[in-house]
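Asks: In the UniProt record's numbering, the protein residues as written are 8 to 135.
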Ligand code: HEM
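1) Residues around the ligand HEM, please: the ones whose beta-carbon is closer than 7 angstroms to some heavy atom of it, in chain order.
2) Please check the pair residue 14 and residue 50, which I expect to be a contact at CB under 8 angstroms, by giving their CB distance rounded to whole angstroms.
3) For residue 114, does the count of other Cβ atoms within 10 angstroms reach 16, so buried, or fall short, so exposed?
4) Between the region 18 to 35 and the region 53 to 73, are three or more C-beta pairs nearer than 8 angstroms?
5) Please report the distance separating the alpha-carbon of residue 67 from that of residue 74.
6) Is it true that the CB of residue 124 sits closer than 8 angstroms to the CB of residue 91?
7) With DSSP run on the structure shown, which of helix, strand or coil describes residue 128?
8) Grab the span of the alpha helix (DSSP H) containing residue 22 for me, first residue to last.
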């Protein structure tokens, strides 16, 4: 892939477009929607701040909210492997709906987010 961080390659506008599309899909997902607040604006702002730093841009989440401690922050929500897959399905669809992000960058971003999503699993698979 081209030089620079993933954040530099994707750019702030495309990243914001991706996050907005992602939370539209989350709001429409029957498994994910019930665990999220009904107004996703604040959640989307936090996610955009987090991803900005995570992808190599300015550390906005750290500056505004402190250390992300992502796994701990997700412990109040029972995240099964199925729920992590639902999250990743929404992210894959959002990437497909964001042509401003090149296929190579989309693949790299998705691979990085897959690792984080699997790390968030804190509840066994339903029925196991
Ligand atoms: C917050 C669910 C994966 C980053 C949240 C919230 C929920 C949630 C319910 C609280 C929303 C709110 O109160 O505003 C999930 C589920 C996941 C998942 C079901 C499936 C694996 C991820 C991943 C990332 C991430 C992979 C990072 C790439 C965040 C951030 C917040 C958040 C930054 C805001 C934390 C804060 O309150 O400051 N997530 N999440 N999540 N999630 Fe996730």
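Even glycine gets a Cβ: it sits at the ideal position worked out from N, Cα and C.
Replies: Reading from the atomic positions:
1) Those residues are 39, 42, 43, 44, 49, 50, 53, 54, 57, 58, 61, 68, 72, 75, 77, 80, 81, 84, 86, 90, 91, 94, 120, 123, 124, 127, 128, given in chain order.
2) By one-based count along the chain shown, residue 14 stands at place 7. By one-based count along the chain shown, residue 50 stands at place 43. At roughly 20 angstroms, the Cβ-Cβ gap does not stay under 8 angstroms, so residue 14 and residue 50 are not in contact.
3) Within the chain shown, residue 114 is the residue found at index 107, counting from 1. Residue 114 should be labelled exposed.
4) yes
5) As a first step, residue 67 is located in the chain shown; it is residue number 60 there, counting from the start. As a first step, residue 74 is located in the chain shown; it is residue number 67 there, counting from the start. In a straight line, the C-alpha of residue 67 is about 11 angstroms away from that of residue 74.
6) Counting from 1 along the chain shown, the entry for residue 91 is found at position 84. Counting from 1 along the chain shown, the entry for residue 124 is found at position 117. Contact flag set, yes.
7) Translated into the one-based positions of the chain shown, residue 128 becomes position 121. DSSP places residue 128 in coil when its eight states are reduced to three.
8) On the chain shown, position 15 is the one that residue 22 refers to. Residues 19 to 34.
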